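One structure is given here, and the rest of the page talks about it.
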Amino acid sequence: SAAGVPVYAERGPAGGYRLLDGFRTRLNGLTADEADSLMLAGLPGPAAELGLGAVVASAQLKLMAGLAPELRERATRAGERFHLDTVGWYREADRSPFLAAAANAVWGGRRIRIVYRRWGGSVAPRELDPYGLVLKAGSWYLVARPSRAATEAGEGAGPVGEAHDRTYRVSRVLDLEVLDEVFDRDPDFSLSDYWTAWSDAFETDLYRIPAEVRLSPRARAAIGGLFGPLRERVVAETAGPPDVDGWVRAVLPLESLRYGAYDLLRLGPEVEVLGPPELRRDMVANARAVLAVYAATDEGA
Numbered sequence: 535s536a537a538g539v540p541v542y543a544e545r546g547p548a549g550g551y552r553l554l555d556g557f558r559t560r561l562n563g564l565t566a567d568e569a570d571s572l573m574l575a576g577l578p579g580p581a582a583e584l585g586l587g588a589v590v591a592s593a594q595l596k597l598m599a600g601l602a603p604e605l606r607e608r609a610t611r612a613g614e615r616f617h618l619d620t621v622g623w624y625r626e627a628d629r630s631p632f633l634a635a636a637a638n639a640v641w642g643g644r645r646i647r648i649v650y651r652r653w654g655g656s657v658a659p660r661e662l663d664p665y666g667l668v669l670k671a672g673s674w675y676l677v678a679r680p681s682r683a684a685t686e687a688g689e690g691a692g693p694v695g696e697a698h699d700r701t702y703r704v705s706r707v708l709d710l711e712v713l714d715e716v717f718d719r720d721p722d723f724s725l726s727d728y729w730t731a732w733s734d735a736f737e738t739d740l741y742r743i744p745a746e747v748r749l750s751p752r753a754r755a756a757i758g759g760l761f762g763p764l765r766e767r768v769v770a771e772t773a774g775p776p777d778v779d780g781w782v783r784a785v786l787p788l789e790s791l792r793y794g795a796y797d798l799l800r801l802g803p804e805v806e807v808l809g810p811p812e813l814r815r816d817m818v819a820n821a822r823a824v825l826a827v828y829a830a831t832d833e834g835a
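Quick note, the sequence shown lines up with residues 535 to 835 if you use my numbering.
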C-alpha cells in the first residue's frame, strides 16, 4: 500500500492478501511505440530528433515504475552519473525537417520519394526503400535501396535490375514524401554490417592520393588527432627508421592535392613533402605566400 498499490489482508482460514478488485495501474505495460523506442532510452537528444522524445520518456517511466525500489534507485543513479553526447567537438548537430518522417518510413517499411542535394550541389529525385538510419558524430544518415521501379529505370550505379544500397545524409534531403507503398525488406540485410563496410570503404576511397612525407617526432605524434585513425595507421605501417634527428619517411594519404596542401600546412615546419612534385610545389608556394603576408605586416609596423 505504501507504494500506491491497494493490497489488504483478510484474516481467517481462507484469509490472505488480496489486491483490491478493479485496480489497474496506469504503468502496467508498454505500448508498441514505447517498446520500439527502448533502444533510444539512453539517447534523449537523438530520440527527440526522431520525434520519439515523449514516447521514450513514457517508456522509461513505466520501466522505472516496474522495478523494485532498490533497482529503481540504481537505475536513477546510473542516469545521474552517465551522459551520452553524440555530437563531435566544435560542431553542431545536423538539422533536418524530414528526419522524423524518414524514421516513420523506416519503422513502417514504406517507400519514400526524396529530392536530394548531392555533394557537388546538383539536385536529384530518388524513389527509395528506406532500410535504416545511422547517427554518426551528430549527423544522421539514411541507408536505403532504390525502389524496384527506380532500379528498372536505371537510377543509381550498377546493372539495370540490380538493387544497390546507398547512403544519404539526411540534412541534404530537400524534400521527402512517404508513399503508401510498402516494400519487402531483404531478410539478409544487416544495418550494422552494411554501415561498418560502407564507412571503411568511404574513408579508404576518400584518401586516394599517397603523399610521401618526412615527419618530425612532433608531427608524427599529432597525426592521429589531425588526420584521423585511418591515416595514422597508414603512416605507422609505412614509416621507415628514424634519422639522427628522429624524423621518419612515411606515406600520408590525401583527399586531393589542393586540399592536401592545406591539410599539411597545419603541421607547419614539422613536415616536409617529398612527393608528388606538384604537391611539393604547392607547399612551397603556400609557405611563400604566408611569409609574404607576415613580412608586409612587419614592414608596416
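Think of the CB as a built atom: it goes at the ideal place given N, C-alpha and C, for glycine as much as any other residue. Everything numeric in this text was worked out from a predicted model, so none of it was measured.
DSSP-derived helix/strand/coil call for residue i
i	result
Ala829	helix
Asp663	strand
Ala543	strand
Gly550	strand
Ala819	helix
Arg608	helix
Arg647	strand
Ala756	helix
Ala627	coil
Asn562	Residue placement at Asn562 is poorly supported in this model, since its pLDDT is 48, which falls under 50; the coordinates are not used for a value here.
Ala602	coil
Arg814	helix
Ser571	Residue placement at Ser571 is flagged as unreliable, the pLDDT there being 47, under the threshold of 50; the coordinate-derived value follows with that caveat. Of the three classes helix, strand and coil, the one that applies to Ser571 here is coil, per DSSP.
Segment limits, beta strand (DSSP E) that includes residue i
i	result
Val805	805-809
Ala639	Per DSSP, Ala639 belongs to no beta strand (DSSP E); it is in the alpha helix (DSSP H), 633-642.
Val778	Looking at the DSSP string, Val778 is not in any beta strand (DSSP E), and its letter there is neither H nor E.
Closest Cα partner of residue i within the set the options
i	options	result
Gly755	Pro787, Glu804, Val778	Reading the sequence as shown, one finds Ala at residue 755 and not Gly. It is Glu804 whose Cα lies nearest to the Cα of Ala755.
Arg625	Phe632, Ser656, Arg660, Ser673	Ser673
Phe632	Asp619, Ile646, Gly622	Ile646
Asn847	Leu798, Pro810, Asp663, Leu808	In the structure as shown, the chain begins at 535 and stops at 835. Residue 847 is therefore absent and cannot be evaluated.
Val747	Tyr675, Thr831, Ala602, Leu801	Leu801
Val712	Leu749, Val824, Asn638	Asn638
Tyr741	Glu766, Val818, Gly642	Glu766
Trp623	Ala636, Ser630, Ala671	Ala671
Ala635	Trp781, Gly655, Leu676, Gly549	Leu676
Asp779	Ala753, Phe761, Gly758	Ala753
Pro811	Leu791, Leu595, Gly546	Leu791
Leu808	Arg644, Ala830, Ala745	Ala745
Leu710	Ile743, Ala627, Leu760, Tyr650	Tyr650
Gly762	Asp777, Ala773, Asp727, Pro787	Pro787
Arg682	Asp720, Gly655, Ser656	Asp720
Val818	Leu764, Tyr796, Ala829	Tyr796
Asp699	Leu764, Glu604, Asp663, Trp653	Asp663
Trp641	Val657, Trp653, Asp718	Asp718
Asp714	Ala735, Ala731, Asp727, Glu661	Glu661
Pro776	Asp619, Pro751, Glu604	Pro751
Span of the alpha helix (DSSP H) around residue i
i	result
Arg767	763-772
Arg792	791-799
CB contact check: residue i to chain C, cutoff 8 Å
i	result
Asn638	Within the model displayed, chain C is absent; a lone protein chain is all it includes.
Assumed close pair residue i, residue j - CB separation to whole angstroms, cut-off 8 Å
i	j	result
Tyr665	Arg679	6 Å
Ile648	Val716	That belief does not hold up - the Cβ atoms of Ile648 and Val716 are roughly 17 Å apart, past 8 Å.
Ser705	Arg606	That pair is no contact at about 38 Å.
Ala784	Leu749	6 Å
Trp729	Val668	5 Å
Ile743	Gly794	6 Å
Glu737	Leu764	5 Å
Fill in: 4 or more residues per run - each alpha helix (DSSP H) lying fully within the region 670-746
682-686, 725-740
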